[in-house]
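Per the numbering used here, the sequence shown starts with residue 29, numbered consecutively.
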Amino acid sequence: MPNPDEIRDAQRATWAGLSAGWEKWDQVIMDQLGPVGAALIECLDLNEEQQHLDIASGTGEPGLSIARLLPTGRVVLTDLVAEMLDIAARRASAQGIATIETTVCSADDLPFDDATFDSVSVRFGYMFFPDMAGATAEFVRVLKPGGRLCSSVWVKPEENPWTAIAMQAIATEAVIAPPDNDGPNMFRCAAPGCVSALYRGAGLRDIAEWDVHVELVTESPEQYWDMISEHVSLAVAALQRVDEPARERIRADAIAKVGAFKKDGKVRVPGVARCIVGTTQDAIVEVSTRVL
Ligand SMILES: C[S@@+](CC[C@H](N)C(=O)[O-])C[C@H]1O[C@@H](n2cnc3c(N)ncnc32)[C@H](O)[C@@H]1O
């Protein structure tokens, strides 16, 4: 079992390697994940002066959308990987957003004072943290009393054919180890209640979780394959372990299977994410019992 430093190093290398794919397919990815960002933002209870922290921001979402809603607030985007945050900064300037700050750091070791932020968001980051309970404790530490934490994770692969199709095609040519629930992988938090239990363990109240449906839309089955094989962590890692002829067979298999999802001249493959919200305890008001 790798130690936390080794996990962070491996994650840094993985996401630095995936960053070009995320930038290339930015629009397709953002369209697919948009409903999840919107669901997170809806339960953040934003007000104009809000101080917001986005964790594992990657190429910037939902932090950039939140910054657009908080022109006089403060939004800090953080990620373990500088290459991902560089893309977030480029996207911010392309969108005319000048108010964000970016900080490279690990979710379980945040360089912020206690009780700094009104809200924290984590879109599709949890499953990659070396210590998910430690990270949740950090989110609670930097949140003010009554602050809101909203995150999202993927539910099981069977409900996410947009990635399962590619993984099934890869499995015809390569041995894919079953997901390790103790190690980083995109389905590590798929079990219902997994993230809620972390929230409860960190002392959050009013915890709720619910599912959000997404759709990956591409112009063609070929574009589906190019996009998946260039940015999905599981697929990219598995494809590195097979030779060129095997990669070609996998590509052909995935393209044939995803053809079943053609609709209205596009390829539309569904998926399901889970959102989880919780609130930090209110400040304890010290009441003097001294009789005046
Ligand atoms: C699937 S991407 C999500 C990006 C973005 N939030 C989105 O939804 O588009 C996962 C991100 O988690 C980041 N990550 C992995 N391990 C991390 C850690 N220990 N602390 C902070 N971020 C981490 C990766 O660098 C990557 O940018």
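Backbone N, C-alpha and C define an ideal beta-carbon position, used for all residues, glycine too.
Cβ-heavy atom distance, P30 to ligand 1, below 7 Å: Within the sequence shown, numbered from 1, the residue matching residue 30 stands at position 2. Remark: the C-beta of P30 is outside contact range of ligand 1, defined as less than 7 Å to any heavy atom.
Reduced DSSP secondary structure (H/G/I, E/B, other) of A311: Counting from 1 along the sequence shown, the entry for residue 311 is found at position 283. The answer is coil: DSSP assigns A311 none of H, G, I, E or B.
Cβ-Cβ separation, L108 to R40 (assumed contact under 8 Å), whole Å: Your numbering for residue 40 matches position 12 in the sequence shown. Your numbering for residue 108 matches position 80 in the sequence shown. Yes, they are in contact, since the Cβ atoms of R40 and L108 sit about 6 Å apart, within 8 Å.
Residue list, Cβ distance to ligand 1 heavy atoms smaller than 5 Å: The set of residues with a C-beta under 5 Å from any non-hydrogen atom of ligand 1 comprises Q39, W43, A84, G86, E89, D107, L108, V109, M112, S134, A135, R151, F152, G153, F156 and F157, given in chain order.
Nearest-angstrom Cα separation, counted from S149 out to L46: Position 18 of the sequence shown holds residue 46. Position 121 of the sequence shown holds residue 149. Roughly 22 Å separates the two Cα atoms.
Spatial neighbours of R233 in its chain, beta-carbon cut-off 8 Å, leaving aside the 5 residues before and after: For the purposes of this step, residue 233 is identified with residue 205 of the sequence shown, where counting begins at 1. Contacts found: G306, T307, T308 and Q309.
Local conformation of L262 per DSSP, three classes: Within the sequence shown, numbered from 1, the residue matching residue 262 stands at position 234. The three-state reading of DSSP puts L262 in helix, counting H, G and I together.
For P298, the residue or residues it bridges with in DSSP: Translated into positions along the sequence shown, residue 298 becomes position 270. Paired residues: E243.
Reduced DSSP secondary structure (H/G/I, E/B, other) of T131: Residue mapping note: residue 131 aligns to position 103 of the sequence shown, counting from 1. Reduced to three states, the DSSP call for T131 is strand.
Whole-angstrom distance between A48 and T42, CA atom to CA atom: The residue you call residue 42 lines up with position 14 of the sequence shown. The residue you call residue 48 lines up with position 20 of the sequence shown. One C-alpha to the other measures close to 11 Å.
Close beta carbons around F157, own chain, < 7 Å, minus the five adjacent residues each side: Taking the first residue of the sequence shown as position 1, residue 157 is located at position 129. Only A135, D136 and A163 meet the Cβ criterion.
For E201 and H259, the rounded distance between their alpha carbons: If you number the sequence shown from 1, residue 259 lands on position 231. If you number the sequence shown from 1, residue 201 lands on position 173. For the pair H259 and E201, the Cα-to-Cα distance works out to about 20 Å.
Buried or exposed by the 16-neighbour rule on C-beta atoms within 10 Å, applied to I312: Stepping through the sequence shown from its first residue, residue 312 is reached at position 284. Counting Cβ neighbours within 10 Å, I312 comes out exposed, since fewer than 16 surround it.
Through-space distance from F167 to V286, alpha-carbon basis: What you label residue 286 is simply residue 258 of the sequence shown in a count that begins at 1. What you label residue 167 is simply residue 139 of the sequence shown in a count that begins at 1. It is roughly 39 Å from the alpha-carbon of V286 to the alpha-carbon of F167.
Alpha carbon of L244 to alpha carbon of F289, nearest angstrom: Translated into the one-based positions of the sequence shown, residue 244 becomes position 216. Translated into the one-based positions of the sequence shown, residue 289 becomes position 261. About 10 Å.
Reference V181; option with closest CA among P220, P32, G88 and K291: Within the sequence shown, numbered from 1, the residue matching residue 181 stands at position 153. The residue from P220, P32, G88 and K291 with its alpha-carbon nearest to that of V181 is P220.
Where W238 falls, given that 16 or more other Cβ within 10 Å makes a residue buried: Numbered from 1 along the sequence shown, position 210 holds the residue referred to as residue 238. Counting the other CB atoms within 10 Å of its CB gives W238 a total below 16, which places it among the exposed residues.
I125 and R96 closer than 8 Å at C-beta: Counting from one through the sequence shown, the residue named residue 125 turns up at place 97. Counting from one through the sequence shown, the residue named residue 96 turns up at place 68. Contact: yes.
Span of the beta strand (DSSP E) around D146: Along the sequence shown, read from residue 1 onward, the residue named residue 146 stands at position 118. Counting along the chain, the beta strand (DSSP E) containing D146 begins and ends at F145 to R151.
Cβ-based burial, D33 [other Cβ within 10 Å; buried from 16]: Along the sequence shown, read from residue 1 onward, the residue named residue 33 stands at position 5. Classification of D33: exposed, given that the 10 Å Cβ count is below 16.
D37 to G293 span [Cα, whole Å]: Translated into the one-based positions of the sequence shown, residue 37 becomes position 9. Translated into the one-based positions of the sequence shown, residue 293 becomes position 265. Using only the alpha carbons, I get a separation of about 42 Å.
Close beta carbons around T127, own chain, < 7 Å, minus the five adjacent residues each side: Residue numbering aside, residue 127 sits at position 99 when the sequence shown is read from its first letter. Answer for T127: A95, P99 and V103, listed in chain order.
Unbroken alpha helix (DSSP H) run spanning P1, endpoints: Since the first residue shown for the chain is 29 and the last is 320, residue 1 is missing from the structure and cannot be characterised.
Beta-carbon spacing of Q347, V242 below 8 Å: What is shown of the chain runs 29 to 320, which leaves residue 347 out entirely.
Nonlocal neighbours in the same chain, by C-beta distance under 7 Å from K184, ignoring five residues either side: The residue given as residue 184 occupies position 156 in the sequence shown. Once the five neighbours on either side are set aside, the close Cβ partners of K184 are F215 and A218.
From S147, P30 and G153, residue whose alpha carbon lies closest to that of G86: On the sequence shown, residue 86 is found 58 positions in, with the first residue counted as 1. Nearest option by C-alpha distance: G153.
Cβ neighbours of A165 in the same chain (closer than 6 Å, five flanking residues each side left out): Translated into positions along the sequence shown, residue 165 becomes position 137. Cβ within range, chain order: A230.
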